[in-house]
Each structure stands twice: as structure tokens, then as C-alpha cells.
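Residue numbers (the working numbering): 13 to 597.
Below is one structure, written out as C-alpha cells; the observations come after it.
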């Protein structure tokens, strides 16, 4: 199972052919059923799986916690305020008043001041009280806050100690070339809230480490123009804005051509505000699958609330003999808008809500022209869905690993000429829940354990684009891509990545990964579309991940099918072999 990347590509192609060759198409012959389920779709993302593609936006990175960025601290100027002389060498203290503190209350100070209240003490003892209050701030990581004796004339034994809580006077940005200063400054502004906290500052700097626009960041804190004020100097090294990736794999359904070529491009920071434009193209080597994927993402606030616009265009045809004689073709279009807003965002955890709307249109054809397949599409083979999506995701990181929980509530509507049928025929109106749980656990220096559980539940019969899909190199290894689909489903996967070789920098360059995958799908009782008898799949095997040179990644998996299927084909996927080669220019 692969790491989760900064963005994912939505699975769309041929979603309307999920129930192909069933119902009214029995005349094609039983052997056609062997290729029907895999035509639901082909996942255009080489890293993710079809079910994950339905989430409105990509999840945050779930790798174990990175080391803290500790800003370099320069000592502040010590200011000793004059203290009014009193008669004698000792001062009678009846009460100590502490002013200027917004963090602590009198209960916090009481253990410190009770040592001198009601006693005759020296000036040095009073300064030690102020130092003890300063130490209280330092223990809470308020590194620029100080407590001092106020210039005063003591009356009635009342001594005043003033707390000067630290603050940022300004933020200086250096090294940025394309990123606007306001983009960086706004993300550090939360760390500058009074009183200035070193912990909060470190967290904000580490969050910037996650920013794909930034390669490296360094920070230093120096004294400002007045006592308690500091200047934060930040130097950034930006990543190159344009990246392009080339690859080949066999993650496409065999009926469309299992081997495919891919090109992925990203142009980051188009307008200097952290936005990005992405474009991808996938084509099977036999020409049966053509997928164009375009997206634009832009952060709208310092908490990384992100708006995404996306469209995916698919043109596919069956090229596997003897079914290619029927000239089965399909085309579809997806238009998607979504917004994701983190409510909690720290290096250790992130909780976000997302809201999206997807509009999908698709149509299928045969040698006879526009043709519907199965129960659901209209007489012209059209399937139209308009789905409102409400997502929730949570990530919790620690030094040993990370947890990720994702939830998606999907409400299919009848808006904008969506497909409407009489019950129990599936149409665009439905409600479903998709949940995912993942744990990445560093067992030791050379073992990274990855486990994942996916579950979909719905009370409605679904059109194929919304069904739960299993099978293939990105799902359950040992079987062909998108082999089984159903209204409901569950999938479990566990993989142990064992490092056997490292590069000069100490990063893993060769890993062996034993794995086990299993899953099952089922339809609601009144769904008229038929399913194969065998809907449970399980496979076990081993994978190899190799990076022989920087930017070149090779992945090879062999999965032994643990369930002997009646409709097993003769493609390399059916024998459990999968490969992926990618190079980043």
C-alpha cells in the first residue's frame, strides 16, 4: 500500500457500465460477465484507490511527526528599572501586587509571593520574587516574557511587580521569490499573539514544513526596539514551481488495456498565494482508456482553508477480444467544486470539515448506437448524478506513527436533470456513508507497518459511480482491477515495509513489503442489478519498492489469490502481478 500523496485523482471512467451484460443484456453470453465488473472504472491515480477518490479533497500527510524547527534565539537586552530607595537596608512587605499578567492568576503566584509577604526583606529578595515569576513564564515556553520591579515608592508595605508579556514587533521574510510575503506572514501571525510562545512559534514553523511550496525554512528571534518585543526573521527556500512526472503501470482494467502510460504535471504558486494548477493524462497502451484530469486549488485563509475546482474527461472503449467486436464505448465528464476548512491544525493533529458538489454525466454506446447497460441508465444510455458531499477528516501524528480517520456523507439529488427512476431501480437519489481508518506505525528503524480499513454503507441501490469497488493492485492484490463492486462493502489491508537498503542520505532505497488484503461487497436486497456469486476476495503476497536513483521509483507486487474464482481471466493481473514505474523530472 502506498503513501498518501499531497493530491488524488478522481476515479470516473466507465462508471455507468458497472452492471453491463446483466438484466436485458443476457444475450451477450455468460462469458461476458467476466469482464463486466472491471468496466466500472479505472483508477486514474497510481497511488490511491477508487473508493478514496470520492472524497472531496486529498487528506493531509500522515507520516510520523518530524523533528521540531527551533528558532535561533538571540539574548534580549536586560533592563533594570530603578527602584526608589527606602529608609534602612530592609523593606517591610505587607502585600505584593502583580500587574500585566494575562496567563496566570493569583493562585499561580501565591506559592511565590507568600515567602516574602508579611516579612522584612532586602531588595535582592524582591528581585528574586520577580525572577521566580519570570521562571514561571519560561516553564510555559513564554521565552520573551519578563517580570520586573516597578520604579515605585513603597507605601503601606505594598510592592508592585510588573509582568511584561512578550510580543512580536514584526516578522521579516527573506529568501522568498514567488511566494508573497503576506502568505508567509499570515501563517506565522498566530504565533505572534501576546504573550509570545516558543512552542506555538515552533508549531507554526513546522506547519510551514508541510507546505509543498517550501523546501526549507530557518528562523531566528532577536530583541526588538523595546523590552518584551521581538523580531522574527524567517528565511525560506522555495521548491521549484513546476514538476512533471512520467510513468507506466498495469493498474487499468484488462478489458480497456491493463498497461497504461501516465503524465502528471503540477504548477505551484501560480499567483504567489500558494495556489496550484494540476493536469494529468492517462492512456492505456492499447488505446482503450483516455483520461484527462484538471484541477485548481487555492488556500483562502491562514488556517489553510482550501477551495478546489476540478474536471475529469473520460473516453473509453473495450479492446479485449472477443468483446471488442461489440464496439462498446463510453464517455463521461465530471465537474466538481469543494471547500475544506481545518478547524484544528497543529503539527500533531488536524481536524477538518469539507463540503463539495459533484456533477457527473456519462453515456454508453455499442455498434447499435447509444445503448443502456443494466438497470439505471435511461434509454439513451445516459447516467447523470449530482451529489452533495460532506466530509470529515482527522489526523493524529506522533513520533512512532500516525492515525487517520476519514468520513464522507454523500447525498445524491435529483437536481439539474439527474437520472430519475422508479423504485427499486438505482438512480441519482441516494444516501451513503464511506469511512476510512488508517494507521502508519514505525515498529523500528527498518519496519513501517501500514494498516487500512474501508467501509461503505447505504440503504439504497446505487449507480456504479457510487458503488464500493474491490480488486486490483490498488485494492486487493491477487485479482484484476475493479473486479467486484456493490452498494455496500468493506476492505482491510495490512502491509509491513521492511527496509533492506538505504541511500547516502539514510533514506530507504530498497524495501520488501509482505501484505495481506481482503474485502467483500454486497448490494441492497432490492437492487435489480445482479452480482457474481463470489463477492469475497482475499490475497496475500509480497511487494518490492526500489529507488535505484533519486526521483526514479519502481514498485512490483505479487499477490496470491486466496479465493479461487469461477470467472478468473488470463491477464497478468489475474495471476497477481502488478508493477509501477515513475520518474519525477
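Ideal Cβ positions, reconstructed from N, Cα and C, are used throughout, including at glycine.
Tell me where the beta strand (DSSP E) around residue i begins and ends.
{"i": "residue 260", "result": "254-261"}
{"i": "residue 366", "result": "361-378"}
{"i": "residue 570", "result": "564-573"}
{"i": "residue 549", "result": "548-558"}
{"i": "residue 311", "result": "301-311"}
{"i": "residue 402", "result": "394-410"}
{"i": "residue 497", "result": "496-498"}
{"i": "residue 480", "result": "480-482"}
{"i": "residue 194", "result": "Residue 194 -> not in any beta strand (DSSP E); alpha helix (DSSP H) instead, spanning 193-201."}
{"i": "residue 414", "result": "413-425"}
For residue i versus residue j, is the C-beta spacing smaller than 8 Å?
{"i": "residue 153", "j": "residue 206", "result": "no"}
{"i": "residue 365", "j": "residue 353", "result": "yes"}
{"i": "residue 262", "j": "residue 491", "result": "no"}
{"i": "residue 72", "j": "residue 362", "result": "yes"}
{"i": "residue 201", "j": "residue 314", "result": "yes"}
{"i": "residue 638", "j": "residue 173", "result": "Examination of residue 638 is not possible in this model, given that the chain is present from 13 through 597 alone."}
{"i": "residue 472", "j": "residue 266", "result": "no"}
{"i": "residue 204", "j": "residue 183", "result": "yes"}
{"i": "residue 257", "j": "residue 181", "result": "no"}
{"i": "residue 272", "j": "residue 232", "result": "no"}
{"i": "residue 132", "j": "residue 164", "result": "no"}
{"i": "residue 510", "j": "residue 458", "result": "yes"}
{"i": "residue 350", "j": "residue 375", "result": "no"}
Judging by CA-CA distance, which residue of the options is the nearest neighbour of residue i?
{"i": "residue 145", "options": "351, 164, 116 and 373", "result": "116"}
{"i": "residue 282", "options": "266, 159 and 225", "result": "225"}
{"i": "residue 504", "options": "376, 575, 448 and 395", "result": "448"}
{"i": "residue 305", "options": "273, 336 and 346", "result": "346"}
{"i": "residue 517", "options": "383, 562, 566 and 340", "result": "562"}
{"i": "residue 531", "options": "502, 118 and 525", "result": "502"}
{"i": "residue 126", "options": "114, 140 and 113", "result": "140"}
{"i": "residue 241", "options": "537, 178 and 455", "result": "178"}
{"i": "residue 411", "options": "430, 399, 455 and 426", "result": "455"}
{"i": "residue 527", "options": "442, 444 and 550", "result": "550"}
{"i": "residue 565", "options": "581, 593 and 556", "result": "593"}
{"i": "residue 484", "options": "429, 286 and 270", "result": "270"}
{"i": "residue 327", "options": "169, 586 and 294", "result": "294"}
{"i": "residue 536", "options": "557, 498, 554 and 555", "result": "498"}
{"i": "residue 298", "options": "264, 275, 311 and 422", "result": "264"}
Where does the unbroken alpha helix (DSSP H) through residue i begin, and where does it stop?
{"i": "residue 215", "result": "210-221"}
{"i": "residue 517", "result": "Neither: residue 517 is in no alpha helix (DSSP H) and is coded neither H nor E."}
{"i": "residue 137", "result": "135-151"}
{"i": "residue 385", "result": "Premise fails: residue 385 is in no alpha helix (DSSP H) and is neither H nor E."}
{"i": "residue 118", "result": "118-125"}
I need the straight-line Cα distance from residue i to residue j, nearest angstrom please.
{"i": "residue 548", "j": "residue 571", "result": "15 Å"}
{"i": "residue 75", "j": "residue 452", "result": "7 Å"}
{"i": "residue 3", "j": "residue 142", "result": "The question about residue 3 has no answer, for the chain in this structure spans 13 to 597."}
{"i": "residue 420", "j": "residue 446", "result": "5 Å"}
{"i": "residue 216", "j": "residue 403", "result": "25 Å"}
{"i": "residue 506", "j": "residue 409", "result": "19 Å"}
{"i": "residue 162", "j": "residue 243", "result": "25 Å"}
{"i": "residue 255", "j": "residue 279", "result": "7 Å"}
{"i": "residue 128", "j": "residue 208", "result": "29 Å"}
{"i": "residue 291", "j": "residue 157", "result": "49 Å"}
{"i": "residue 130", "j": "residue 151", "result": "28 Å"}
{"i": "residue 597", "j": "residue 222", "result": "21 Å"}
{"i": "residue 196", "j": "residue 343", "result": "43 Å"}
{"i": "residue 45", "j": "residue 259", "result": "Confidence is the limiting factor: at residue 45 the pLDDT is only 35, short of 50, which leaves the residue's position unreliable and the question unanswerable from this model."}
{"i": "residue 100", "j": "residue 134", "result": "Because the pLDDT of residue 100 is 49, which lies under 50, any placement of that residue in the model is unreliable, and the number read from its coordinates should be weighed accordingly. Their Cα atoms are separated by approximately 10 Å."}
{"i": "residue 13", "j": "residue 213", "result": "Caution applies to residue 13, whose pLDDT of 37 falls short of 50 and renders its modelled position unreliable; the value that the coordinates give is listed next. Rounded to the nearest angstrom, the two C-alpha atoms are 35 Å apart."}
{"i": "residue 18", "j": "residue 309", "result": "Because residue 18 carries a pLDDT of 29, less than 50, the predicted location of this residue cannot be relied on, and the following value inherits that uncertainty. Going from the Cα of residue 18 to the Cα of residue 309 covers about 12 Å."}
{"i": "residue 34", "j": "residue 425", "result": "Confidence at residue 34 is low in this model, with a pLDDT of 31, below 50, so the placement of that residue should be treated as unreliable; the coordinate-derived value is given next. Roughly 26 Å separates the two Cα atoms."}
{"i": "residue 559", "j": "residue 524", "result": "12 Å"}
{"i": "residue 598", "j": "residue 296", "result": "Past the boundaries of the shown model lies residue 598; the chain is included only from 13 to 597, so the question cannot be answered."}
{"i": "residue 595", "j": "residue 568", "result": "15 Å"}
{"i": "residue 112", "j": "residue 230", "result": "32 Å"}
{"i": "residue 469", "j": "residue 482", "result": "15 Å"}
{"i": "residue 415", "j": "residue 439", "result": "35 Å"}
{"i": "residue 287", "j": "residue 356", "result": "21 Å"}
{"i": "residue 325", "j": "residue 341", "result": "14 Å"}
{"i": "residue 580", "j": "residue 494", "result": "13 Å"}
{"i": "residue 331", "j": "residue 430", "result": "30 Å"}
{"i": "residue 381", "j": "residue 337", "result": "14 Å"}
{"i": "residue 64", "j": "residue 434", "result": "30 Å"}
{"i": "residue 220", "j": "residue 199", "result": "8 Å"}
Self-check item: Sufficient close CB pairs (3 or more, under 8 Å) joining the region 179-199 to the region 242-258
Solution: yes
Quiz item: Are three or more beta carbon pairs between the region 393-407 and the region 466-478 nearer than 8 Å?
Solution: yes
Practice problem: Would you be able to state if there are at least three C-beta pairs under 8 Å between the region 482-499 and the region 570-586? | Solution: yes
Quiz item: Do the region 533-544 and the region 518-525 touch if we need at least three Cβ pairs shorter than 8 Å?
Solution: no
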